[in-house]
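As they're listed, the protein sequences go chains X and A. Per the working numbering, the first sequence starts with residue 1, numbered consecutively. Per the working numbering, the second sequence starts with residue 1, numbered consecutively. Below is one structure; the comments refer to it alone.
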Amino acid sequence: NAGVTQTPKFQVLKTGQSMTLQCAQDMNHNSMYWYRQDPGMGLRLIYYSASEGTTDKGEVPNGYNVSRLNKREFSLRLESAAPSQTSVYFCASSDLTRPMNTEAFFGQGTRLTVV
Amino acid sequence: KNQVEQSPQSLIILEGKNCTLQCNYTVSPFSNLRWYKQDTGRGPVSLTIMTFSENTKSNGRYTATLDADTKQSSLHITASQLSDSASYICVVTSGYSTLTFGKGTMLLVSP
């Protein structure tokens, strides 16, 4: 049981380059999330997808786009990377059919450095 | 605006000692509150969940409390071990889909 799988684990980009972070979950969850975590800032929501076919902005969406490819996969794209996007990115999923037990399961994270 | 505040920001204790971490929240409507443990370089993992009607819940050496009237929660760690060194994050769920994260308390257990 893999849970939530993110790729890649590490990435270095030059300013202006683009890349896509991949996330897949095998728990049949309907909701998926992308967070970034910076020192002293905690986890901040970038985008989320409450169900297949829908996406919504979170707290810090600027500079990012997302695609909910199917129920399993939720990707995060940086079109033109900036040094301010240097961070650790976490993908998570949860089962909203059980609202009183909304545990979020997290991937291992992607450590992105933009130089 | 939904907010979750945690204290202290960081804490150092000796192995074998107890400690208590605090979480205050202003989230509405309240669904549940979870404490997560995040080891360095890994994603957070849920330790315990508290719903509105629950006051205390234990998971091994971890005991969480919830006071829904004052909107406060605590996580008590008993007989700390070196493996308890991690960041502990309080997360409050609002409605069906909104998760509000605290910034976490960084705990270091020293031998």
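Even for Gly, the Cβ is constructed at its ideal location relative to N, Cα and C. Note that the structure is predicted; figures quoted are calculated from it, not measured.
According to DSSP, is residue i helix, strand or coil?
{"i": "Q85 of chain X", "result": "helix"}
{"i": "D67 of chain A", "result": "strand"}
{"i": "S10 of chain A", "result": "strand"}
{"i": "S80 of chain A", "result": "coil"}
{"i": "F52 of chain A", "result": "coil"}
{"i": "T40 of chain A", "result": "coil"}
{"i": "T93 of chain A", "result": "strand"}
{"i": "V27 of chain A", "result": "coil"}
{"i": "S93 of chain X", "result": "strand"}
{"i": "E5 of chain A", "result": "strand"}
If residue i sits next to residue j, beta carbons under 8 Å apart, how far is it from one beta carbon to the other, in whole angstroms?
{"i": "L82 of chain A", "j": "V91 of chain A", "result": "Going by Cβ atoms, the distance from L82 of chain A to V91 of chain A rounds to 25 Å, so no, they are not a contact pair."}
{"i": "T65 of chain A", "j": "S53 of chain A", "result": "The pair is not a contact, with the Cβ atoms about 13 Å apart (cut-off 8 Å)."}
{"i": "S31 of chain A", "j": "T93 of chain A", "result": "4 Å"}
{"i": "R77 of chain X", "j": "E59 of chain X", "result": "The Cβ separation is near 18 Å, so there is no contact."}
{"i": "Y62 of chain A", "j": "I77 of chain A", "result": "6 Å"}
{"i": "M32 of chain X", "j": "Q25 of chain X", "result": "7 Å"}
Should residue i be labelled buried (16 or more other beta-carbon atoms within 10 Å of its own) or exposed?
{"i": "D39 of chain A", "result": "exposed"}
{"i": "K57 of chain X", "result": "exposed"}
{"i": "D84 of chain A", "result": "buried"}
{"i": "G60 of chain A", "result": "exposed"}
{"i": "L33 of chain A", "result": "buried"}
{"i": "S80 of chain X", "result": "exposed"}
{"i": "F106 of chain X", "result": "buried"}
I'd like to know whether the C-beta of residue i is nearer than 8 Å to at least one C-beta of chain A.
{"i": "M19 of chain X", "result": "no"}
{"i": "E73 of chain X", "result": "no"}
{"i": "F90 of chain X", "result": "yes"}
{"i": "M41 of chain X", "result": "yes"}
{"i": "Q25 of chain X", "result": "no"}
{"i": "G53 of chain X", "result": "no"}
{"i": "Q108 of chain X", "result": "yes"}
Check whether the Cβ of residue i lies closer than 8 Å to any Cβ atom in chain X.
{"i": "K103 of chain A", "result": "yes"}
{"i": "P111 of chain A", "result": "no"}
{"i": "R61 of chain A", "result": "no"}
{"i": "T40 of chain A", "result": "no"}
Next item on the list: Tell me the start and end of each unbroken beta strand (DSSP E) in the region 3-83 of chain X that is at least 3 residues and wholly inside, in chain order.
Entry: 4-7, 10-13, 19-25, 31-38, 42-49, 64-68, 74-78
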